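Novice: Position 9 (the sequence shown) corresponds to 9 in my numbering; numbering is contiguous.
Note that the Cβ used here is the ideal one computed from N, Cα and C, for glycine as well.
Quantities reported herein were computed from a predicted structural model and do not represent experimental measurements.
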Amino acid sequence: NWKIKVRIIRLWKVPNYNNPNVVDSIELVLVDEKGSRIQASIRKTVMQRFSNTVKEGSCRIIAKFGLISNIGKHKATNHSYKLNFFFKTVVKECEDVHLPLHGLNFTSFAQILKNEIDDSVLVGMNFNILNRSINNFIYIIIKFTCCIYLTPDVIDEVTAIGDLIDVSKDSKPNYKLVIELDDLEYVPI
1 NWKIKVRIIR LWKVPNYNNP NVVDSIELVL VDEKGSRIQA SIRKTVMQRF
51 SNTVKEGSCR IIAKFGLISN IGKHKATNHS YKLNFFFKTV VKECEDVHLP
101 LHGLNFTSFA QILKNEIDDS VLVGMNFNIL NRSINNFIYI IIKFTCCIYL
151 TPDVIDEVTA IGDLIDVSKD SKPNYKLVIE LDDLEYVPI
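(1) DSSP puts residue 190 in a beta bridge; with which residues?
(2) Put residue 90 into one of helix, strand or coil per three-state DSSP.
(3) Below 6 Å CB to CB, which residues in the same chain sit around residue 63 once its five sequence neighbours on both sides are set aside?
(4) Hey, does residue 93 have any beta-carbon neighbour from chain B nearer than 8 Å?
(5) Tell me, please, which residues DSSP counts as bridged to residue 25.
(6) Start and end of the beta strand (DSSP E) containing residue 176?
(7) Based on the DSSP output, what are the partners of residue 31 in its beta bridges?
(8) Tell me which same chain residues have a C-beta within less than 6 Å of the C-beta of residue 87, skipping the five on either side of it?
(9) Whole angstroms is fine: what's the gap from residue 172's alpha carbon to residue 18's?
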């Protein structure tokens, strides 16, 4: 019967594979006062109960939840477990004292290029380009091609964005967007 105090640092809706207009779950990345991150899932059956109480950037006390092993091909954190919301789960607003604004986990580009990281964990990227956040572009890459899997959060400069390429197969929409990044030493990646 655990109770945790966390900040919701990322929140996204996962569409149904066969019908992208239907949301199957709400996924969250939570960070505690020590900077530890854990992914949380709110399944379709309880989504309505929690959709107004979970907001990206907000701090919450969460109790009466379940834990499952964080296994799978694509993970949002490298934590061993994943938190599941149930109908009995309690979510309360709280003050954000001592809770980090983010849960960034930086690594060197040398480690990335040498493949010294867990490539099953999705990357978190934030960039500004032409005064617009590039999060939508990253969402397109993750949603349509699932081609970015890095443990660390990456801060780079976007130096070029290619055209959105349609690589659909068997009537299933699938797109690829190529972006060019320079690292902190202005070396293209």
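Specialist: Concretely, from the data shown:
(1) Nothing can be reported for residue 190: it is not among the residues displayed for the chain, which extend from 1 to 189.
(2) strand
(3) 3, 90
(4) Of the protein chains in the structure, only one exists, and it is not chain B.
(5) 14, 43
(6) First-last of the beta strand (DSSP E) with residue 176: 175-182.
(7) Its beta-bridge partners are 7, 37.
(8) Taken in chain order, the residues that qualify are 46.
(9) 9 Å
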